[in-house]
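In order, the protein sequence lines correspond to chains A and B.
Numbering-wise (the numbering used here), the first sequence opens with residue 1 and increments by one.
Numbering-wise (the numbering used here), the second sequence opens with residue 1001 and increments by one.
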Amino acid sequence: MESLIKTFHLDWRLFLAQVVNFAIVFGVLYWFAFKPLAKVMAERSGKIAKSLDDAKKVEEKLAETEKDYNRQMAEAKKQANLILEKAAREADSRKAGMVARAKEEIGQIINQEKEKMQAEKRETLKEIKKETAELVILTVEKILGEKVDAKKDKEMIKKIIR
Amino acid sequence: MIVNIEQDAEVLLTQTAIVTEHTLYAEQVYKIGGFPITNSLLNTWLAVLAVAVFGLYFRTKIKLIPRGVQNFLEAVVEALLDVFDSVTGSRAKTFKFFPFIFSFFVFILINNWLGLLPGIGSIGQVVAENGEKLFIPFFRGGTADLNTTFALAVIGVAASHIFGITAVGGWNYFNKFINLKVLFEMPKKIFKEPAVLIVNPIKFFVGLLEIISELAKIASLSFRLFGNIFAGEVLVAATAAILAYGLPIPFMFLEVMVGAIQALIFAMLILTYLTMMTAAEEH
Chain A
1 MESLIKTFHL
11 DWRLFLAQVV
21 NFAIVFGVLY
31 WFAFKPLAKV
41 MAERSGKIAK
51 SLDDAKKVEE
61 KLAETEKDYN
71 RQMAEAKKQA
81 NLILEKAARE
91 ADSRKAGMVA
101 RAKEEIGQII
111 NQEKEKMQAE
121 KRETLKEIKK
131 ETAELVILTV
141 EKILGEKVDA
151 KKDKEMIKKI
161 IR
Chain B
1001 MIVNIEQDAE
1011 VLLTQTAIVT
1021 EHTLYAEQVY
1031 KIGGFPITNS
1041 LLNTWLAVLA
1051 VAVFGLYFRT
1061 KIKLIPRGVQ
1071 NFLEAVVEAL
1081 LDVFDSVTGS
1091 RAKTFKFFPF
1101 IFSFFVFILI
1111 NNWLGLLPGI
1121 GSIGQVVAEN
1131 GEKLFIPFFR
1141 GGTADLNTTF
1151 ALAVIGVAAS
1161 HIFGITAVGG
1171 WNYFNKFINL
1181 KVLFEMPKKI
1191 FKEPAVLIVN
1201 PIKFFVGLLE
1211 IISELAKIAS
1221 LSFRLFGNIF
1231 AGEVLVAATA
1241 AILAYGLPIP
1251 FMFLEVMVGA
1261 IQALIFAMLI
1271 LTYLTMMTAA
1281 EEH
């Protein structure tokens, strides 16, 4: 032991000095490098984990929204179809009604025209009869050459016409 | 016959050739009130200064978004954490020991590499001693002095014991070395398994051996580091003495590697001791 100390010049003062040196290095590294570094690294890991989590949440929300959207779209389509169907049905019934009314109106018009025509026919016939009677009277007068008295005349005419 | 030593020394300084010798010990450069300041101590102070300056600079540079030095250091720390995990077996334990072990690594690495710088070991003064002119360099690698490596080894092993006591408790710690537990359990078990009569005294003796092994730890740690670094410096100096131009370069590279490897080995061994001492009693 004695020779060891002598050979290597072991000195408790130097030993202590080196212990102090190491303590300083440890202190500096611990307080100025490791502690803040570990804090920052932990903080960063936490932030990354949080943002990853957030991203997952956003994705989930997006998927949910899309599902919601799809569901609403499907419903809207269904309703639109219903409305269309209803409109078509309504249009059909209205069309039928209009056709019926048109038919009715046409029928009425035709009837009116028919009546008118018959009335006109009657009138015409009446006029023809009148004119024919006058013509016959004239003709007979000419043939007879003279005028029969009115009373006779009328009787004659009536006979002839009938 | 009276010899004037002062005068003798003066004569020697002017006449004899200068002796450059690689001493096993760090030479004293200066003395302040009985406190010897050796060239190795000066070098260690340089290393401490470098670490302190870096620490103060780095402190202001730590940001959430890493840049430059922080990126590099974080990568180193992450890599070391993984290596340490393989020894401690758990990240929590690694985190507990990391600053301590990392300090060993940095302290030894910087001291090892600082000893390789040009000018260190080659700039010095000539002193007359014992009738010879001695060249004493101002600087010498900090870890090329047994005082340094011995101090480091003692700190490491002592820390492993302190951590051990806090981790497993005083009684368990005590029984690792003076195993009273196995002696006490002998009467209880003796009828069930008579083998304890042989096994437990052996266990007790193993505990006593542990005390010696703790001393051996200090010796092996300090001498390994000192030996490697001192030998490296001698090697580089020897090759430089043969041919100063070019020949030492491969050896310098070798020493750079040895410096890094020795720093890592020392740190890892301390970590192993810490892990072993804090582990619950093994069976």
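We put the beta carbon where it would ideally sit given N, CA and C, even for glycine.
#1: Checking the sheet assignment: what are the DSSP bridge partners for B:Gln-1125?
#2: Within the chosen definition, does the segment 148-158 of chain A reach the segment 1199-1211 of chain B through at least 3 CB pairs nearer than 8 Å?
#3: Check B:Pro-1066 in the structure and name its three-state DSSP category.
#4: Return the residue from the list B:Val-1069, B:Phe-1058, B:Lys-1217, B:Ala-1017 that minimises the CA-CA distance to B:Ile-1155.
#5: Shortest alpha-carbon distance to B:Ile-1212 belongs to which of B:Glu-1021, B:Phe-1226, B:Val-1157?
#6: So A:Met-41 contacts chain B; which residues on that side make the cut at Cβ distance below 7 Å?
#7: Check whether the segment 1127-1144 of chain B and the segment 1227-1245 of chain B touch, using three or more Cβ-Cβ pairs below 8 Å as the test.
#8: What does A:Asp-11 reach in chain B if we use C-beta pairs closer than 8 Å?
#9: Checking 8 Å against the spacing of the C-beta atoms, do B:Phe-1135 and B:Ile-1229 come in under that value?
#10: Taking contact to mean 3 or more Cβ pairs, one atom from each stretch, closer than 8 Å, check whether the segment 13-30 of chain A and the segment 1095-1104 of chain B are in contact.
#11: Note down, in chain order, all residues in the segment 1074-1103 of chain B with a beta-carbon under 8 Å from any beta-carbon belonging to chain A.
#12: Just checking, does the segment 1105-1121 of chain B make contact with the segment 1046-1061 of chain B on the three C-beta pairs under 8 Å criterion?
#13: Going by alpha carbons, who is nearest to B:Val-1256 out of B:Asn-1112, B:Arg-1059, B:Val-1196?
#14: Give a yes or no on whether the minimum CB-CB distance between B:Gly-1055 and chain A is below 8 Å.
#15: Taking the alpha-carbon positions, what's the A:Lys-57 to B:Gly-1170 distance?
#16: What's the gap between the Cα of B:Ala-1244 and the Cα of B:Ala-1079?
#17: Please confirm whether A:Gln-18 has its beta-carbon closer than 8 Å to some beta-carbon of chain B.
#18: Output needed for B:Pro-1137: all residues of its chain with C-beta closer than 6 Å, excluding positions within five of it in sequence on either side, in chain order.
#19: What three-state label does DSSP hand B:Phe-1191 in the structure shown?
#20: What's the gap between the Cα of A:Lys-50 and the Cα of A:Arg-44?
#21: Could you work out which residues of chain A lie near B:Ile-1062, taking near to mean beta carbons separated by less than 7 Å?
#22: For B:Leu-1254 and B:Leu-1116, what's the separation of their Cα atoms in angstroms?
#23: Would you give the residue range spanned by the alpha helix (DSSP H) that B:Ile-944 belongs to?
#24: Kindly list the residues whose CB is nearer than 7 Å to the CB of B:Ile-1110, restricted to its own chain and excluding five residues on each side of it in sequence; keep chain order.
#25: Rounded to whole angstroms, how far is the Cβ of B:Thr-1094 from the Cβ of B:Leu-1081, which I believe are closer than 8 Å?
#26: If you check the beta carbons only, do B:Leu-1024 and A:Phe-8 fall under 8 Å apart?
#27: In the DSSP assignment, find the unbroken beta strand (DSSP E) run with B:Pro-1036 in it and report its ends.
#28: What residue range is occupied by the uninterrupted beta strand (DSSP E) comprising B:Ile-1032?
#29: Please report whether the beta-carbon of B:Ile-1249 lies at a distance below 8 Å from any beta-carbon of chain A.
#30: Looking at chain B, is there any beta carbon in it that lies within less than 8 Å of the beta carbon of A:Ile-163?
#31: Under the rule that 16 or more other beta-carbon atoms within 10 Å means buried, what is B:Ser-1160, buried or exposed?
#32: Is the beta carbon of B:Phe-1097 closer than 8 Å to that of B:Leu-1264?
#33: Could you check whether the Cβ of B:Tyr-1025 sits closer than 8 Å to any Cβ belonging to chain A?
#34: I want to see whether chain A comes within less than 8 Å of B:Ala-1216, judged by CB atoms only; does it?
#35: Checking contacts by CB at 8 Å: is A:Arg-71 closer than that to chain B?
In short:
#1: Stepping through the second sequence from its first residue, residue 1125 of chain B is reached at position 125. In the DSSP output, where bridge partners are listed per residue, B:Gln-1125 has B:Ile-1136.
#2: no
#3: Working through the second sequence from its first residue, we reach residue 1066 of chain B at position 66. Residue state, collapsed to three classes: coil.
#4: The residue given as residue 1155 of chain B occupies position 155 in the second sequence. When only C-alpha atoms are compared, the closest one is B:Lys-1217.
#5: In the second sequence, the residue the question calls residue 1212 of chain B occupies position 212. Comparing Cα positions, the closest option is B:Val-1157.
#6: Looking up residue 41 of chain A in the first sequence gives position 41. Chain B residues near A:Met-41: Glu-1074.
#7: yes
#8: Taking the first sequence and counting its residues from 1, the one referred to as residue 11 of chain A is at position 11. Neighbours of A:Asp-11 on chain B, chain order: Pro-1036, Asn-1147.
#9: The count along the second sequence starts at 1 and reaches residue 1135 of chain B at position 135. The count along the second sequence starts at 1 and reaches residue 1229 of chain B at position 229. For B:Phe-1135 and B:Ile-1229, no; Cβs fall outside 8 Å.
#10: yes
#11: Glu-1074, Val-1077, Phe-1095, Phe-1098, Pro-1099, Phe-1100, Phe-1102, Ser-1103
#12: yes
#13: Residue 1256 of chain B sits at position 256 when you count from the first residue of the second sequence. It is B:Asn-1112.
#14: Indexing the second sequence from 1 puts residue 1055 of chain B at position 55. So yes, B:Gly-1055 belongs to the interface.
#15: Within the first sequence, residue 57 of chain A is the residue found at index 57, counting from 1. Within the second sequence, residue 1170 of chain B is the residue found at index 170, counting from 1. Taking the straight line from one Cα to the other gives about 50 Å.
#16: As a position in the second sequence, residue 1244 of chain B is number 244, starting the count at 1. As a position in the second sequence, residue 1079 of chain B is number 79, starting the count at 1. Going by the C-alpha atoms only, they are around 38 Å apart.
#17: In the first sequence, the residue the question calls residue 18 of chain A occupies position 18. Taking Cβ atoms only, chain B reaches closer than 8 Å to A:Gln-18, which makes this a yes.
#18: Translated into the one-based positions of the second sequence, residue 1137 of chain B becomes position 137. Excluding sequence neighbours, B:Pro-1137 sits near Asn-1039, Gly-1121, Gly-1124.
#19: Walking along the second sequence from the start, residue 1191 of chain B turns up at place 191. B:Phe-1191 falls in the coil class under three-state DSSP.
#20: Residue numbering aside, residue 50 of chain A sits at position 50 when the first sequence is read from its first letter. Residue numbering aside, residue 44 of chain A sits at position 44 when the first sequence is read from its first letter. Cα-Cα distance, rounded: 10 Å.
#21: As a position in the second sequence, residue 1062 of chain B is number 62, starting the count at 1. Pro-36, Leu-37, Val-40, listed in chain order.
#22: On the second sequence, residue 1254 of chain B is found 254 positions in, with the first residue counted as 1. On the second sequence, residue 1116 of chain B is found 116 positions in, with the first residue counted as 1. For B:Leu-1254 and B:Leu-1116, the distance between alpha carbons rounds to 11 Å.
#23: Coverage of chain B is limited to positions 1001 through 1283, which leaves residue 944 of chain B absent and any answer about it impossible.
#24: In the second sequence, residue 1110 of chain B corresponds to position 110, counting from 1. Once the five neighbours on either side are set aside, the close Cβ partners of B:Ile-1110 are Ala-1047, Ala-1050, Val-1051.
#25: As a position in the second sequence, residue 1094 of chain B is number 94, starting the count at 1. As a position in the second sequence, residue 1081 of chain B is number 81, starting the count at 1. So it is a contact: roughly 6 Å between Cβ atoms.
#26: Translated into positions along the second sequence, residue 1024 of chain B becomes position 24. Translated into positions along the first sequence, residue 8 of chain A becomes position 8. Cβ distance < 8 Å, so B:Leu-1024 and A:Phe-8 count as in contact.
#27: Position 36 of the second sequence, counting from 1, holds the residue named residue 1036 of chain B. Element bounds for B:Pro-1036: 1035-1038.
#28: The count along the second sequence starts at 1 and reaches residue 1032 of chain B at position 32. Start and end: 1028-1032.
#29: If you number the second sequence from 1, residue 1249 of chain B lands on position 249. Not an interface residue.
#30: A question about residue 163 of chain A goes unanswered here, because the residues of chain A that appear run from 1 up to 162.
#31: Here residue 1160 of chain B is taken as the residue at index 160 of the second sequence, counted from 1. Its Cβ being crowded by 16 or more others within 10 Å, B:Ser-1160 is buried.
#32: The residue you call residue 1264 of chain B lines up with position 264 of the second sequence. The residue you call residue 1097 of chain B lines up with position 97 of the second sequence. Not in contact: B:Leu-1264 and B:Phe-1097 (Cβ atoms no closer than 8 Å).
#33: On the second sequence, residue 1025 of chain B is found 25 positions in, with the first residue counted as 1. At least one chain A Cβ lies under 8 Å of B:Tyr-1025.
#34: Taking the first residue of the second sequence as 1, we reach residue 1216 of chain B at position 216. Judged by the 8 Å Cβ criterion, B:Ala-1216 is not in contact with chain A.
#35: Walking along the first sequence from the start, residue 71 of chain A turns up at place 71. It does not; no Cβ of chain B falls within 8 Å.
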